[in-house]
Every structure is written in C-alpha cells, then in structure tokens.
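Q: Could you have a look at this structure, given as structure tokens, before my questions?
Protein chains: 2
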Amino acid sequence: MTSSPALLAADWGTTNFRLFLYDADGKVVARHTAHIGLKNLGGQSFEQALQSVMTGPFARPDLPVLLSGMVGSRQGWIEAPYAQCPAGPDAFSQGFATPPSEKLKVRIVPGLSSQNPATGITDVMRGEETQIVGLMTQGLNDGIVILPGTHSKWARIENGKVTSFLSYMTGEMFQMLKVHSILGVLMADTADDEKSFLLGVDRALEDTSILSLLFSVRTEALFGRIAPAHLSSYLSGLLIGAEIGAGKARNGLQSVGIIGDGALINLYQRALSRAGFTDVTRHNGDDASSAGLWELAQQGHLL
Amino acid sequence: MTSSPALLAADWGTTNFRLFLYDADGKVVARHTAHIGLKNLGGQSFEQALQSVMTGPFARPDLPVLLSGMVGSRQGWIEAPYAQCPAGPDAFSQGFATPPSEKLKVRIVPGLSSQNPATGITDVMRGEETQIVGLMTQGLNDGIVILPGTHSKWARIENGKVTSFLSYMTGEMFQMLKVHSILGVLMADTADDEKSFLLGVDRALEDTSILSLLFSVRTEALFGRIAPAHLSSYLSGLLIGAEIGAGKARNGLQSVGIIGDGALINLYQRALSRAGFTDVTRHNGDDASSAGLWELAQQGHLL
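So the sequences go chain by chain: R and U. Residues 1 to 303 (the working numbering) are what the first sequence spells out, left to right. Residues 1001 to 1303 (the working numbering) are what the second sequence spells out, left to right.
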C-alpha cells in the first residue's frame, strides 16, 4: 500500500517537460513527459500548459507544485533570481520564486550563477542545480559533477555545496559543425566508430588548440585516413576530449558523477577513462531531477 | 617604356581568381579579378574559363601561364601533389603540374603539406605557399607568416624554407557561430567595438578553453555587460585571441608577417600586439601572390 500523493514537480526546460507525482514518502508514483517546453508553448500561458498535463493521476490541483529549469528564466513563467556559488540545497530552497497562478500553489527553484573572480566571467545554469541536489541526496558531497549536453556543465562540489561551475558549448558545436561547416560536407552515412572517437579524444587531450585540431577532420578525410562514415565519431572525440582536457586542467583528477542518459554518456565515460579519471559514477537524468525536486520541496517546507 | 609582356599568372581559388600580366622584368603591367572560382565555373572547363578572361591586354595565348591555389587540388584542373615541409621555393618550382590544355602552356604550383610527427596530423595549404614565397622575395626568411581567413594559417619560416605550419578554423567558426548558434541570436545591429574585441582577446589569451569561453558571449549578454551590437566584436576577439594564444604557445614571440587586406588584418594586428608580438609587418595579399608567382616562374624556367 502506498501513501497518498503529496507533491507534483517538474523539470521544465526549453525543449523538455518532465512531470513527477510523489507520495508522502517521496516515492515517485507517476511520471509523464510532454512537449510543452518553452519553445513549444504555442499561445498557451504557463498555467494553461501546466493544467493541460494535470490529467489522470496528475489531476491534483490541491497539491503543491515545484518547478525547476528554464521556466524560471526571463523567458519563463517568472524570473527566479540566480543563487550564487557557493550554494547548497538551502540556498535553492530559500530562493523559491512564486509565479502568478489563480488556481495552483506553484514555486520555482532559482537558477545558479558562478562568478570567476580571475576572469570576471559569470556562468549560469537552470535545472542542473536541482539534478546536482539529487546526487547530493545520494551522498555525493565532494567531487565533480558533469552534465553533458548542448551546453555541458562541470560543477565542483565541496562539502555539499556547488562552489563553482563552467559551461562548455560542446554539444552545440558538434551539431553546428556537422550541419553547417566544411567538415560536415565530408561526412557520409555516419556510423559510430570507437577507434576514430578515441583518436579524437587522445589528440584533444594532448593539444589544447581545438580551433586547429578541428581542421584535422578535413585533412584526415583528404588523405583517406578516416572513412567518411567515421568522421563524425572523430569530431565528437575531438570536442569531448577538448572539454574533458580543460575540465581536468582546471579541477584535477577528482571523483566524477555524470548525469545523463544514452549513448552520449557512454562516450563521456570512455573519454574520462582515457583522461585518467578512475572514479566515475553514472546517474540517470530523470532520477536526479526527481530526487532533487523532492529534496528541495522538503527543505523549502512546500508540503 | 616598358618591356614586352612575358608571363601570365593567377591565384585561382575556390571563390576568387586573380590574374596578373608581367613584363620581362617581373613588373605587373595589368591585373584582373574574375568570378571564376572553382565553385563558380558553371559548366565551363578550366581551359574555357581561363580563355574567357584572356581578353584585352591578357589576350596572349603565346605566353606561359602559371597558376596557384585550389586549381591544383583534386577538385581542380589537375591535382598537383603536395610538396612536403620543410620546403622552399625550389621545391615548389620543381613540382609544377601540367594540366591538359590544347592551346595554352599552363603549369600549376603544388600545394604544401606539413606533418606533425608528435600527433600524426597532416595539414595542407594551396595558394598560401606562393604568397609566402612572395614574402621571401622581400627578405622574410625567418619568423612566422600568418595568413588570416576562413582557415587561418600559421607558417614557420626558417632559413628560407617553410618548416611547418598549422591551420585554424577561426574565420569559419566566427561565421558559423554568428549565423547558426545560440550566440548569434543575441546579436543585433552589429557595430565594431574595440573595447569588446580586446576584452575577448585578453580572455582568450588567459584561458585556452575556447569551448567554455564562447559561452560567455551568452552570459555577458544576459547580464547586460556587453551590448547586443558589440557581441560580434567580443566573439571575434575570443576566436582571434584563441588562435594567437595557441600560435604563441607553439612558436614563441617571433617576428611576424601578416598577409591579407582590410579590417581583418587590423584586428589581427591589434590582437598580436596584445599578445606581446612587437615585430609585426603587414603585406598585401595580391602583391604577395604576384611576387611569389613571378619568383616561382623564374626558378621553374617557365619563361
């Protein structure tokens, strides 16, 4: 017998929306994904979009709702100001924003910003901070958390706080170079090739000049050393290797948790191993989000 | 009174075609540009395209013709095999390729390849080697030659030979990020801004992780620190700074000759100065090509 539903929560991003229903013990009793990311709202208001997915087991307008992700950005429901590094779960749960809603009790988790005093550059995340909290509930209180993706994040965790983080445009660069550059023209019938991927990783770990290394996608094709079908794997290796090389130079060989799913995480795991990271754990993205949202709802006394 | 015409020569690339007519003393007596780059040939053969521009003072089918550039590539008139570094003018003039032509005496300058024994990566150029020869005729026999552009080249010159070189995808990356990335979306009414450009240069010279630095184009916009109209200058500074930082790390602060024209060369000159290069000379691209073609025609006994 399960206890009765107690919380609705969602990771609400630009593209994805992932909804969770929890019982009073924090167990996820139902989950749902919908195409109501910020760029797919059509004419709906945020409240309308949220209500449109509150059907079946989710038809519980009486429950509190906690949201994380780009829904708290300037283009979202309401802007939830960034917490600043160093920040732990308490900083997020004390910073909930309350968007205007007639019928629902909604709170939004703030994003997180990291200021680099040496460069003056500020970096930002929204949604990932909640996933990191999810890993903290599993005991990850020191080390590095990597969140691969369009804009990969490397977060440094010390004593249960995110002390700093940095974004890398790895995923966006990969897609852009494949589709819009002279390198993409050379690629054909893309097939994953581990050897080409690892060659790219190794070269990027040896040489920090990715602007130059990228040109080797062209010359390796020109001289027939990498088959057209394997150039995409080589490019992926160069970019992921460049990201990991930079992260290693900045953080050293600490323990690492990677958050994400599917083939991309496999690639990161292989590349991290190549770079000498030996203590690497994998964490499902949905589980990290749902665990983080529950933890923050608890700490923020939302229930 | 000028001596009579003695040589026709052209830099024939993917986009551009620049034709020179020389007298017997090597003086350029007429020059012409045409839109018959490799990608604009339409249905014409290379011989037809060349004959189409041999009008007026260039109507001299009796003269020898020397070509450099992508016309010697696999997609060109005939593939002129690459000379290999280290290589000086003699290697190029001994490697002329002879394309099939019924009516003209045509030779094509080989390209140049550079093998990095540490990485196993081979780099290539076509056309730039002839411009470098042009600078050598002006006394540049040691130092670095930079050829900024879509795929910038840094060539190391020692004792009158190109001993190695490396390409950087700086120009293509800039265009691609402006047009196709999340960064370009933030830019508006682009205006050149020296302060934003130099901020980008300085940051890239301090930090080798360009994949991460590029994300700061987004956050500097988000926090209103760089105006939308100046983001393009900042992006340009980051990329050119990253190229120059890598070139400096590889070659040290040597004397530098830059080949090219217009605003781009001004940017490189400012960024090189920021990086500590004090001995920098500028060279017009057309003049470098025409001087190099004349020198190679002489050494190859084409006249």
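Even glycine gets a Cβ: it sits at the ideal position worked out from N, Cα and C.
Do you know how far the Cα of Leu50/R is from the Cα of Arg60/R?
A: Their backbone Cα atoms lie some 12 Å apart in a straight line.
Q: Could you name the residues of the same chain whose beta carbon sits closer than 6 Å to that of Ala1009/U, not counting the 5 residues immediately before and after it, in chain order?
A: Counting only Cβ-Cβ distances below 6 Å, and skipping sequence neighbours, we find Phe1020, Leu1066, Leu1293.
Q: Judging by CA-CA distance, which residue of Arg18/R, Arg107/R, Ala155/R is the nearest neighbour of Asn116/R?
A: Comparing Cα positions, the closest option is Ala155/R.
Q: When we look at the beta-carbon of Pro110/R and count the other beta-carbons within 10 Å, is it buried (16 or more) or exposed?
A: Under this definition Pro110/R is a buried residue.
Q: Put Val109/R into one of helix, strand or coil per three-state DSSP.
A: Residue state, collapsed to three classes: coil.
Q: Quick one: Cα of Glu334/R to Cα of Lys27/R, how far?
A: There is no way to answer for residue 334/R, as the model of chain R reaches only from 1 to 303.
Q: Report yes or no: do the region 1154-1172 of chain U and the region 1194-1206 of chain U share at least 3 C-beta pairs separated by less than 8 Å?
A: Judged by Cβ distances under 8 Å, the region 1154-1172 of chain U makes no contact with the region 1194-1206 of chain U, as fewer than three pairs qualify.
Q: In the structure shown, what three-state DSSP assignment does Trp1077/U receive?
A: Coil.
Q: Determine the closest residue to Asp202/R out of Gly276/R, Gly262/R, Ser167/R, Met187/R, with distance taken between C-alpha atoms.
A: Here the closest residue by C-alpha is Gly276/R.
Q: Just grab the DSSP bridge partners of Lys1153/U for me.
A: Answer by DSSP bridge pairing, in chain order: Leu1147/U, Ser1167/U.
Q: With 8 Å as the limit, tell me which residues of the region 163-195 of chain R have their beta carbon closer than that to any beta carbon of chain U; keep them in chain order.
A: Listed by position along the chain: Leu166, Ser167, Tyr168, Met169, Thr170, Glu172, Met173, Met176, Leu177, Val179, His180, Ser181, Ile182.
Q: Name the chain U residues whose beta carbon is nearer than 8 Å to that of Glu128/R?
A: By Cβ distance, chain U contributes nothing, its closest Cβ being about 13 Å from Glu128/R, past 8 Å.
Q: Kindly indicate which residue of Glu1172/U, Ala1246/U, His1180/U, Val1185/U has the alpha-carbon position closest to the one of Glu1206/U.
A: Ranking Glu1172/U, Ala1246/U, His1180/U, Val1185/U by Cα distance to Glu1206/U puts Ala1246/U first.
Q: From Gly43/R to Tyr234/R, what does the alpha carbon distance come to, in whole angstroms?
A: Near 42 Å, if we compare the C-alpha coordinates of Tyr234/R and Gly43/R.
Q: Give me the residue from Ala1204/U, Ala1006/U, Gly1252/U with the minimum Cα distance to Ala118/R.
A: The residue with the shortest Cα to Cα distance from Ala118/R is Ala1204/U.
Q: So is Gly959/U buried or exposed if we call it buried at 16+ other beta carbons inside 10 Å?
A: This structure does not reach residue 959/U, given that chain U is present from 1001 up to 1303, and the question cannot be answered.
Q: Rank Ile1121/U, Thr1015/U, Lys1039/U, Ile1108/U by C-alpha distance to the C-alpha of Ser1093/U and give the top, closest one.
A: Cα-wise, what sits closest to Ser1093/U is Ile1108/U.
Q: How about Val145/R and Ile259/R: do their beta carbons lie closer than 8 Å?
A: Cβ distance < 8 Å, so Val145/R and Ile259/R count as in contact.
Q: On the three-state DSSP scale, how would you describe Tyr82/R?
A: The answer is coil: DSSP assigns Tyr82/R none of H, G, I, E or B.
Q: What whole-angstrom Cβ distance do Ser289/R and Gly134/R have, given they're in contact under 8 Å?
A: Going by Cβ atoms, the distance from Ser289/R to Gly134/R rounds to 6 Å, so yes, they are a contact pair.
Q: In the DSSP assignment, find the unbroken alpha helix (DSSP H) run with Ser1212/U in it and report its ends.
A: Looking at the DSSP string, the run of the alpha helix (DSSP H) that includes Ser1212/U is 1210-1213.
Q: DSSP on Ser1114/U, reduced to helix/strand/coil?
A: Ser1114/U: strand per DSSP, three-state reduction.
Q: On the DSSP bridge assignment, give the partners of Thr33/R in chain order.
A: DSSP, once it has assigned bridges, lists Arg18/R as partnering Thr33/R.
Q: When the Cα atoms are used, what is the spatial distance from Val1053/U to Leu1183/U?
A: Their Cα atoms are separated by approximately 42 Å.
Q: State buried or exposed for Glu11/R, treating a residue as buried only when at least 16 other CB atoms are found within 10 Å of its CB.
A: Before going further, note that residue 11/R is Asp rather than Glu in the sequence given. Burial call: buried.
Q: Taking only beta-carbon atoms, is Ser1093/U less than 8 Å away from chain R?
A: Output row for Ser1093/U: interface = no.
Q: Could you pull the start and end residues of the alpha helix (DSSP H) that Asp1202/U belongs to?
A: 1194-1206 is the span of the alpha helix (DSSP H), which, as asked, contains Asp1202/U.
Q: According to the Cβ coordinates, are Tyr244/R and Ala271/R closer than 8 Å?
A: Correcting the residue identity first, residue 244/R is Ile in this sequence and not Tyr. It is a contact, given that the beta carbons lie within the stated cut-off.
Q: Report the option in Thr208/R, Ile226/R, Leu214/R, Ile157/R whose CA atom is closest to the CA atom of Ala188/R.
A: When each option's Cα is compared against that of Ala188/R, the closest is Ile226/R.
Q: Can you tell me whether Gln1131/U is buried or exposed? The criterion is at least 16 other CB atoms within 10 Å of its CB, across all chains shown.
A: Counting Cβ neighbours within 10 Å, Gln1131/U comes out buried, since at least 16 surround it.
Q: What does Val124/R touch in chain U if you count any residue whose Cβ is under 8 Å from its own?
A: Within 8 Å Cβ-Cβ: Thr1219, Leu1222.
Q: Check whether the Cβ atoms of Thr208/R and Leu1211/U sit closer than 8 Å, and answer yes or no.
A: Taking 8 Å as the Cβ cut-off, Thr208/R and Leu1211/U do not qualify as a contacting pair.
Q: Starting from the Cα of Gly149/R, find the closest Cα among Tyr168/R, Met136/R, Asn141/R and give me that residue.
A: Comparing Cα positions, the closest option is Tyr168/R.
Q: Would Val1256/U pass as a contact of Gly1143/U if the rule is Cβ separation under 8 Å?
A: Contact: yes.
Q: Would you verify that the beta carbon of Leu38/R is, or is not, closer than 8 Å to some beta carbon of chain U?
A: Leu38/R does not count as touching chain U.
Q: Taking its Cβ as the centre, do 16 or more other Cβ atoms sit within 10 Å of Phe223/R, making it buried, or is it exposed?
A: That one is exposed.
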